[in-house]
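For the sequence shown, position 135 matches number 135 in UniProt numbering, and the numbering has no gaps at all. No residue lacks a Cβ here, since even glycine has one placed at the ideal position from N, Cα and C.
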Amino acid sequence: MEIIHFNATFPGSTHNAAIWQGSSLSQLLENNYVNGVSAGEWLLGDSGYAQLPWLMTPYTDADENTPEARYNLAHTKTRVLIEKCFGVMKTRFRCIHKHRTLHYDPVNASKIIAAVVVLHNVAIKRNEPLPDELELEDRLRPTDDPGYEFFKCGKKYSK
């Protein structure tokens, strides 16, 4: 579940496929394919991406019990790992959970996302356990101590 490439420089309204198309990784894979260097290298993308020789996407409207339907099932079972990866990051770093908002300008928000990705990879390499939900709630809930301070992804909060 390590992240090997990411780009946090675009606003959330930018379509993933547009970001991918202009990325250095996309260009590298295309060059490798054109030059015959990429034998056996593929990425899996969802249906929002164009099918390419190095980017496998699901078939739309595949009939049941067809090779296309079996491919889609295998594709989905494999792609679920990235969704799990995102879930793990959101559990570890609650500021990127969908109900949280980074109240920073885009440049600093990009830096926070980059830091989260790097820290996520470090935690994966070190086999750090995920905090359980009760521990998370206790950590995020302010105490009655008037001097209590806590941090949430780069922003200091005081009671």
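Discussion item. Please report the distance separating the alpha-carbon of Val37 from that of Ala17.
Written reply: 24 Å
Worksheet item: Mind checking Ala109: buried by the 16 CB within 10 Å criterion, or exposed?
Response: buried
Discussion item. Let me make sure I understand the geometry here. Which of Glu83, Pro53, Ser47, Tyr49 has the alpha-carbon closest to that of Glu41?
Written reply: Pro53
Worksheet entry | Anticipated Cβ contact below 8 Å, Ala123 with Arg92, distance rounded | 6 Å
Discussion item. Taking the alpha carbon of Lys77 as the reference point, which residue from Glu2, Pro11, Leu44 has its own alpha carbon closest?
Written reply: Leu44
Practice prompt. Using only alpha-carbon positions, find the residue among Val34, Phe10, Ile3 that is nearest to Val107.
Written response: Phe10
Worksheet entry | Nearest-angstrom Cα separation, counted from Leu25 out to Cys153 | Residue confidence for Cys153 is low, a pLDDT of 49 falling below 50, so the modelled location carries little weight; the figure read from the coordinates is stated next. For Cys153 and Leu25, the distance between alpha carbons rounds to 28 Å.
Fill in: Length of the line joining the Cα atoms of Met56 and Asp132
35 Å
Discussion item. Suppose the cutoff is 7 Å on Cβ atoms and the five residues either side in sequence are ignored; what does the same chain contact list for Ser47 look like?
Written reply: Thr57, Pro58, Thr60
Discussion item. Is the beta carbon of Asn7 closer than 8 Å to that of Ile19?
Written reply: yes
Worksheet item: With DSSP run on the structure shown, which of helix, strand or coil describes Met89?
Response: helix
Worksheet entry | Where Ile4 falls, given that 16 or more other Cβ within 10 Å makes a residue buried | exposed
Item to complete: For Met56, write down the residues that DSSP places opposite it in a beta bridge.
Response: Leu44
Worksheet item: Who are the Cβ neighbours of Lys111 in its own chain at under 7 Å, not counting the five residues just before and after it?
Response: none
Item to complete: Please classify Ser110: does DSSP put it in a helix, a strand, or coil?
Response: helix
Item to complete: Go ahead and pull the three-state DSSP assignment for Ser23.
Response: coil
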